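Encoded as C-alpha cells, the structure appears first; notes follow it.
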Amino acid sequence: MPNGFIHSALRPPVYFYHIPKTGGMSLRSFLADQYLNEELCPAQDWQSLAALDRAALQSFRLFYGHFAVNLKQYLPSDVRTITYLRSPVGRTVSTLRHMMRDPSFHPLHEHVKGRALRDVIYDDELLSTFQDAQTKLLSFDVPIDDVLAYVRRQVAAGKFVDIGELEWESSPDKALHALEAYDFVGLMDHFKDSMWAMCGKFGFAPPDIMPDLNRATDEQNPGDLNDKDIAHLRSFLAGDIKIYDTIRQKALERLSGEQIFADMVHNGILTKLSTPFELDLGRPFLGSGWYEPETQRGRSVRWSGPESKALLHLPLPRDAKRSLYVEFIKSKGIGNVEMLVDGEEVEARTECYDNVWSMEAELAPLSADKRPVVTTITLDCRRPSRPKERNDGDLRALGLLLLTVKVD
400 MPNGFIHSAL RPPVYFYHIP KTGGMSLRSF LADQYLNEEL CPAQDWQSLA ALDRAALQSF
460 RLFYGHFAVN LKQYLPSDVR TITYLRSPVG RTVSTLRHMM RDPSFHPLHE HVKGRALRDV
520 IYDDELLSTF QDAQTKLLSF DVPIDDVLAY VRRQVAAGKF VDIGELEWES SPDKALHALE
580 AYDFVGLMDH FKDSMWAMCG KFGFAPPDIM PDLNRATDEQ NPGDLNDKDI AHLRSFLAGD
640 IKIYDTIRQK ALERLSGEQI FADMVHNGIL TKLSTPFELD LGRPFLGSGW YEPETQRGRS
700 VRWSGPESKA LLHLPLPRDA KRSLYVEFIK SKGIGNVEML VDGEEVEART ECYDNVWSME
760 AELAPLSADK RPVVTTITLD CRRPSRPKER NDGDLRALGL LLLTVKVD
C-alpha cells in the first residue's frame, strides 16, 4: 500500500457537498489526498451517479461533487458530511463575473457579456435568477431516488440534466435545519480557520499552503461597486445572509498543527515510518503546496505551486542521523532552491544531471524531548513561473516537479 505510515481507513468516510462558487475545487483536491485513490467515488455528477449501482457505493470512503445537501440518505450510513458556505454578496458577485466572462458557464452569458457589473446588478429580472441561491440549494429535499429516476429519464431521452427543474420549497429555516444535520460547516471567508478545524475533527493533515484551484476570492466589497450598489444586491440575498450570519456565529475549534498531528498518531491514522524509505507521491499524501499527482513513466510526480514554498510532512524517527534525498525538475526561470527542515535552512549538497536536480541533506538526531511528531521539509523555489512566461499551455503557476523523496 502506498505510504503505509498513513492509515486512511481509520479516517471516517466523508461526503463533501460542493456548493458552486465556494472554492470547492481546492477542497476536493485536498480531500482526495487524505484517502487512497480507490477509496474515492468516481461518480462526481448526477449522470455518473445514476449509472453506478448503489451497492458499489459501499466500497468508497470519499464522495464529493455538485450533488445535493440531502445526498447522505443515499450513501452508506456511516458517511460523515461536510460543506462550506461563502459570504452571499461575494458569492453572487463572483457568479456574475464568471457569467460575464465565460460563455460556457451560464446560458445567460450573451445577455451580460460586455456589460459593466454595476449595470448587471441593477437588472432585477436577471438578478432574481440568483436570489438566495444558497438558501435554495440547502433547502433541497427531493428524495434522491426520485432525483436519480429523473436523471435517467433525461439521459435516456438525450436531454440536458438540470435538477433545478425539479420542485421543492425553499426557506432559510429549512436550509438551516439541513445544515444542523451536517458534521462540519466551514466558511470560505474564514478559510484557514475552517480548514484546520475540519482537519482536527476528521483526522486530516493540516495544510499550510493549498493549490489555487478556481479559488473563491472574497468580493464582499468589490471596488467597482459602492455602498448603494451593495445594498441593492443584498436586497436579493436576505435568506442567504440570514443563513450565513447564523453559521458565522458558531465558534470553530482552534487547534495547532502539532496537536492535529499528535491526535492523528494517537488515533492510529499516522505511524512512524521505517527507514530506508521512499515516499509515494500519489495518495494518500502528507504535504501542502502541491498540485494533484500526475503519472510519468508509471510513477506519481507532483508540481509545486501556486506559492513558492511546498511542504512535506514525514513522521520520521529522529533517534539517529538520517539522510534526506530529493529529486526534481525546475520550471522555466527557477533559480536556486532552498531546503528547510522544521523551518530552519539546512546545508544541502546540490547536483544536476540531464536537467534533473537533486538535493541531499543530513538530518541530525534529536533528544527525546525535542523530537517533533512530524518532520516538515520545505522546498522553496523563491518564485514560481507564470503561464505567460512558459507558453506551454499549462495555466498553473509552477515551481518544482517533484520526482523522488528518499530517507536513509
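As numbered in my numbering, residues 400 to 807 make up the sequence shown, in order. For glycine and all other residues, C-beta sits at the position ideal for the given N, C-alpha and C. Predicted model only: the values in this text are computed from it and were never measured.
Practice task
Confirm, please, whether the CB-CB distance from residue 608 to residue 688 is below 9 Å.
Solution key: yes
Exercise for the section: Tell me the start and end of each unbroken beta strand (DSSP E) in the stretch 594-680 that is at least 3 residues and wholly inside, in chain order. Expected result: Note on the stretch 594-680: there is no whole beta strand (DSSP E) run with a minimum of 3 residues.
Problem - Length-filtered (4 minimum) alpha helix (DSSP H) runs lying within the stretch 510-574 - result: Listed in chain order, the alpha helix (DSSP H) elements of length 4 or more contained wholly in the stretch 510-574 are 516-520, 523-526, 532-537 and 543-555.
Practice task
Enumerate in chain order the residues of its own chain whose CB-to-CB distance from residue 617 is below 7 Å, with the five nearest sequence positions on each side excluded.
Solution key: Summary for residue 617: the model assigns pLDDT 46, below 50, so the residue's position carries little reliability, and this model does not support an answer.
Handout entry: The alpha helix (DSSP H) enclosing residue 431, as first and last residue numbers
Key = Run containing residue 431: 423-431, per the alpha helix (DSSP H) assignment.
Handout entry: Under 9 Å between C-beta atoms of residue 466 and residue 714
Key = no
Practice task
Give the single residue among 442, 406 and 514 whose Cα lies nearest to the Cα of residue 435.
Solution key: 406
Handout entry: Boundaries of the beta strand (DSSP E) in which residue 711 is found, first to last residue
Key = Start and end: 708-713.
Handout entry: Within 9 Å, strictly: CB atoms of residue 708 and residue 801
Key = no
Exercise for the section: Could you give the DSSP three-state label for residue 695: helix, strand or coil? Expected result: strand
Exercise for the section: Return helix, strand or coil for residue 408, following the three-state DSSP convention. Expected result: helix
Practice task
Could you have a look at residue 588 and say whether DSSP puts it in helix, strand or coil?
Solution key: helix
Handout entry: Opening and closing residue of the beta strand (DSSP E) in which residue 479 lies
Key = 479-484
Problem - Option nearest residue 563 by Cα separation, candidates 572, 556, 540 and 790 - result: 540
Handout entry: Proximity of residue 691 and residue 431 at Cβ, strictly below 9 Å
Key = yes
Practice task
Using DSSP bridges, identify the partner residues of residue 703.
Solution key: DSSP lists 689 as partners of residue 703.
Exercise for the section: Look at residue 583 and residue 479 and say whether their C-beta atoms are less than 9 Å apart. Expected result: yes
Exercise for the section: Excluding the 5 residues preceding and the 5 following residue 453 in the sequence, name in chain order all residues of the same chain whose CB lies nearer than 8 Å to its CB. Expected result: When the five nearest sequence neighbours on each side are left out, the beta carbons in the same chain lying within less than 8 Å of the beta carbon of residue 453 are those of 473, in order along the chain.
Practice task
Could you tell me which residues DSSP pairs with residue 468 in its beta bridges?
Solution key: Per DSSP, none; premise fails for residue 468.
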